[in-house]
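Novice: Heads up: take any position in the sequence shown, counting from 1, add 1, and you land on the numbering used here.
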Amino acid sequence: MFVRIGSRYSILKIDRLIENKLGDASYLVGEHRPRKPAQIKQIPFVHVLFFWEENTMKFRSLKSVIIGATMLAAPSVAYADETCQSPYMPKITGEEEFVYVWTLGKEGIGDESDKLVTVDVRKDSDTYGKVIGSISVGGRNEAHHAGFTADRRYLWAGGLDTNKIFIFDVHSDPGKPTLAKTIDTFVKDTGGAVGPHTFYGLPGRMMISALSNDKDHGGRTALVEYSNEGEYIATHWMPTAEDPRGAKIASDVVDGYGYDVRALIRKNVMLSSSFTGWSNYMMDFGQMLEDAEAMKRFGQTVVQWDLHSRKPKKVMHVPGAPLEIRFAWGPENNYAFTTAALTSKLWLIHADDNNEWHAKEVADIGDPASIPLPVDISISADDTRLWINTFMDGKTRLFDISDPHAPKQIYEKVIADQVNMVSQSWDGERVYFTSSLLAQWDKKGESDDQYLKAYDWDGKDLKLQFELDFYEEGLGRAHIMRFGSGELYGS
Numbered sequence: 002m003f004v005r006i007g008s009r010y011s012i013l014k015i016d017r018l019i020e021n022k023l024g025d026a027s028y029l030v031g032e033h034r035p036r037k038p039a040q041i042k043q044i045p046f047v048h049v050l051f052f053w054e055e056n057t058m059k060f061r062s063l064k065s066v067i068i069g070a071t072m073l074a075a076p077s078v079a080y081a082d083e084t085c086q087s088p089y090m091p092k093i094t095g096e097e098e099f100v101y102v103w104t105l106g107k108e109g110i111g112d113e114s115d116k117l118v119t120v121d122v123r124k125d126s127d128t129y130g131k132v133i134g135s136i137s138v139g140g141r142n143e144a145h146h147a148g149f150t151a152d153r154r155y156l157w158a159g160g161l162d163t164n165k166i167f168i169f170d171v172h173s174d175p176g177k178p179t180l181a182k183t184i185d186t187f188v189k190d191t192g193g194a195v196g197p198h199t200f201y202g203l204p205g206r207m208m209i210s211a212l213s214n215d216k217d218h219g220g221r222t223a224l225v226e227y228s229n230e231g232e233y234i235a236t237h238w239m240p241t242a243e244d245p246r247g248a249k250i251a252s253d254v255v256d257g258y259g260y261d262v263r264a265l266i267r268k269n270v271m272l273s274s275s276f277t278g279w280s281n282y283m284m285d286f287g288q289m290l291e292d293a294e295a296m297k298r299f300g301q302t303v304v305q306w307d308l309h310s311r312k313p314k315k316v317m318h319v320p321g322a323p324l325e326i327r328f329a330w331g332p333e334n335n336y337a338f339t340t341a342a343l344t345s346k347l348w349l350i351h352a353d354d355n356n357e358w359h360a361k362e363v364a365d366i367g368d369p370a371s372i373p374l375p376v377d378i379s380i381s382a383d384d385t386r387l388w389i390n391t392f393m394d395g396k397t398r399l400f401d402i403s404d405p406h407a408p409k410q411i412y413e414k415v416i417a418d419q420v421n422m423v424s425q426s427w428d429g430e431r432v433y434f435t436s437s438l439l440a441q442w443d444k445k446g447e448s449d450d451q452y453l454k455a456y457d458w459d460g461k462d463l464k465l466q467f468e469l470d471f472y473e474e475g476l477g478r479a480h481i482m483r484f485g486s487g488e489l490y491g492s
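#1: Look up G134 in the DSSP assignment and say whether it is helix, strand or coil.
#2: With distances taken from CA atoms, which of L387, I411, N421, F400 is nearest D394?
#3: So what does DSSP say about F1, is it helix, strand or coil?
#4: Given a threshold of 16 other Cβ atoms within 10 Å of its Cβ, counted over all protein chains shown, does K346 qualify as buried or as exposed?
#5: Alpha carbons only, please: which of D285, D307, T340 is nearest the one belonging to F276?
#6: Between which residues of its own chain and N281 is the CB-CB distance below 7 Å, once the five residues before and five after are set aside?
#7: Taking the alpha carbon of M317 as the point to measure from, which residue in L399, S379, P240 has its own alpha carbon closest?
#8: If I measure Cβ to Cβ from G257 and keep anything under 6 Å in the same chain, skipping five residues before and after, which residues do I get?
#9: What separation, rounded to the nearest whole angstrom, lies between the Cα atoms of T71 and A382?
#10: Roughly how many angstroms lie between the CA atoms of L73 and P332, to the nearest whole one?
#11: Using CA coordinates, which residue listed in S135, G176, S437 is at the minimum distance from S114?
#12: Count the other C-beta atoms from every protein chain shown that fall within 10 angstroms of the C-beta of S371, then say buried if there are 16 or more, exposed otherwise.
#13: Could you check whether the region 400-410 touches the region 464-472, counting it as contact only if at least three pairs of C-beta atoms, one from each stretch, sit closer than 8 Å?
#14: At which residue ranges does the region 122-181 contain complete beta strand (DSSP E) runs of 3 or more residues, listed in the order of the chain?
#15: Less than 8 Å between the CB atoms is what I'm expecting for N263 and I209, so what's the real figure, rounded?
#16: Quick one: grab the DSSP three-state call for G446.
#17: Which residue from D125, E232, R478 puts its Cα closest to that of D443?
#18: Could you give the C-beta distance for Y101 and T128, rounded to a whole number, given that I count them as a contact under 8 Å?
#19: On the three-state DSSP scale, how would you describe Y282?
#20: I'd like the ranges of any alpha helix (DSSP H) spanning at least 4 consecutive residues and lying wholly in the region 269-348.
#21: Assuming contact is defined by CB atoms lying nearer than 8 Å, are Q419 and S379 in contact in what I supplied?
#22: Which of the three DSSP states, helix, strand or coil, is assigned to L203?
#23: Look up M422 in the DSSP assignment and give the residues it is bridged to.
#24: Taking M393 as part of the beta strand (DSSP E), name the residues at either end of that continuous run.
#25: Identify which residue in D368, P375, D384, V304 has its Cα closest to the Cα of W358.
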């Protein structure tokens, strides 16, 4: 079958018809390759989502949906996007132009409000490495994570304390985002979910993982769906021992906690991880470490979900608070990595030959006895490298994951007294770091570095290109980064 995609005709091999759960149209998952033989040799197979329009009786390509892929264009075109992004999302070609930093307000710093900060990273720009804009949202909400809608026109950013969600327009003028909408009914909408954390773009809607609940402010929580327009759709509570919701319990441990959420679309798999509830993440870090009961309130599970039905399938035991989940990108690489914050272990979540998913501890991260506290991770587009940040010692470590069952550390560098988030370009040549973990968990005094640092990576060493001191700039605590570019919108 020939299907027209943009200006190219392509061959589509239909794999299977999947029951529609995302909108009015049924959709098919298949393999796409360019028609010209010369291009076929150079470009690997990728997965593309097509919609069957009943009114036209034709297949229609969803332009923003490129699944589990490396390249669709000619080999000379470099993709330069964060590898942690939803595979439904269009990617930046060339180099990223802007870095958006969702920033926590701090008393005594600037206007003391949470804000979205825009940094120019165009190397030929007069304002390269400079702040070119910021939008304050009013008050301190415990700004944390942010994510684009699948069409990449809007950036959703959450507050873990106030439960507010701020939706920024990043397509009208990518260098000057604007606040388009604020959702302040999250707890009411969802039936009691608290702490909107990960924002993961699906076609036409946003999947949000929460961290807590409004009954006991513990870790029991849910996944939540909103439309791209900000209308509430559904709440999917995490499986517990009392209500496993049909999930298979792989061990005796099932906690109902949440943190991150990611999908492997071609396998119809979604994974969620587990952290802790409001009563812990809003507590002073030192006080919490001395509270024996508080230290018992951390997640120990990764849940496998049916992506399309939103039903939990299996609960896997991953002790020590597994945080960020990063799926491999290769078309036959059916696995993801996560790190356990409290045990400093790297875990592999993988499918066996029978398509059964398992969790396996595969490496130490630093010296676990010293509790370096692994936080954010970033996988390379070719699935051979994994950056892992450790908050307490301020280091980033690079692991060779060519054999996902036996990762090996091959590089490390001190970024600052504390480091949290890491974002790398799709080509792996640029790596960015920010500093803040949580307002009550960040270090104090002279160790409270708050920054954005940009490095070039030559395969051997990280070389600093610029750094911004977010306190000196009057901004606050720098948390998550997302890349922007006018190229996405023809500007």
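No residue lacks a Cβ here, since even glycine has one placed at the ideal position from N, Cα and C.
Specialist: Judging by the given coordinates:
#1: Position 133 of the sequence shown, counting from 1, holds the residue named residue 134. Three-state DSSP puts G134 in a strand.
#2: Within the sequence shown, numbered from 1, the residue matching residue 394 stands at position 393. Among L387, I411, N421, F400, the Cα nearest to that of D394 belongs to N421.
#3: An answer regarding residue 1 cannot be provided, because it is not within the stretch 2 to 492 covered by the chain.
#4: The count along the sequence shown starts at 1 and reaches residue 346 at position 345. Per the 10 Å Cβ criterion, buried.
#5: The residue given as residue 276 occupies position 275 in the sequence shown. Ranking D285, D307, T340 by Cα distance to F276 puts T340 first.
#6: Along the sequence shown, one-based indexing puts residue 281 at 280. Only M289, A295, R298 meet the Cβ criterion.
#7: As a working note, residue 317 is residue 316 in the sequence shown. Comparing Cα-Cα distances from M317 to each of L399, S379, P240, the minimum goes to P240.
#8: Numbered from 1 along the sequence shown, position 256 holds the residue referred to as residue 257. So the list reads R221, M239, T241, once near-sequence residues are dropped.
#9: Walking along the sequence shown from the start, residue 71 turns up at place 70. Walking along the sequence shown from the start, residue 382 turns up at place 381. Low confidence applies to T71: its pLDDT is 34, below 50, so where it sits in the model is not reliable, and the reading given next is rough at best. Rounded to the nearest angstrom, the two C-alpha atoms are 7 Å apart.
#10: Locating residue 73 in the sequence shown gives position 72, where the first residue counts as 1. Locating residue 332 in the sequence shown gives position 331, where the first residue counts as 1. The pLDDT assigned to L73 is 34, lower than 50, so where the model puts this residue is not dependable; a value taken from the coordinates is nonetheless given after this. Going from the Cα of L73 to the Cα of P332 covers about 14 Å.
#11: By one-based count along the sequence shown, residue 114 stands at place 113. When only C-alpha atoms are compared, the closest one is S135.
#12: In the sequence shown, the residue the question calls residue 371 occupies position 370. Under this definition S371 is an exposed residue.
#13: no
#14: 132-137, 144-149, 155-160, 166-170
#15: Counting from 1 along the sequence shown, the entry for residue 263 is found at position 262. Counting from 1 along the sequence shown, the entry for residue 209 is found at position 208. Contrary to the premise, residue 263 reads as Arg rather than Asn in this sequence. Between I209 and R263 the Cβ distance is about 13 Å, and since that is not below 8 Å, they are no contact.
#16: Residue 446 sits at position 445 when you count from the first residue of the sequence shown. In the structure shown, G446 sits in a helix (DSSP, three-state: H, G or I).
#17: Sequence index remark: in the sequence shown, residue 443 carries index 442 (1-based). The candidate whose alpha carbon is nearest that of D443 is R478.
#18: Looking up residue 101 in the sequence shown gives position 100. Looking up residue 128 in the sequence shown gives position 127. Not a contact, Cβ separation roughly 15 Å.
#19: The sequence position of residue 282 within the sequence shown is 281, counting from 1. Three-state DSSP puts Y282 in a helix.
#20: 279-282, 286-290
#21: Here residue 419 is taken as the residue at index 418 of the sequence shown, counted from 1. Here residue 379 is taken as the residue at index 378 of the sequence shown, counted from 1. No, the pair does not count as a contact, with Cβ atoms beyond the cut-off.
#22: Here residue 203 refers to the residue found at position 202 when the sequence shown is read from its first residue. If DSSP states are grouped into helix, strand and coil, L203 belongs with the strands.
#23: Sequence index remark: in the sequence shown, residue 422 carries index 421 (1-based). According to DSSP, which records beta bridges pairwise, M422 is partnered with nothing at all.
#24: Sequence index remark: in the sequence shown, residue 393 carries index 392 (1-based). Counting along the chain, M393 falls outside any beta strand (DSSP E), and DSSP gives it neither H nor E.
#25: Indexing the sequence shown from 1 puts residue 358 at position 357. Cα-wise, what sits closest to W358 is V304.
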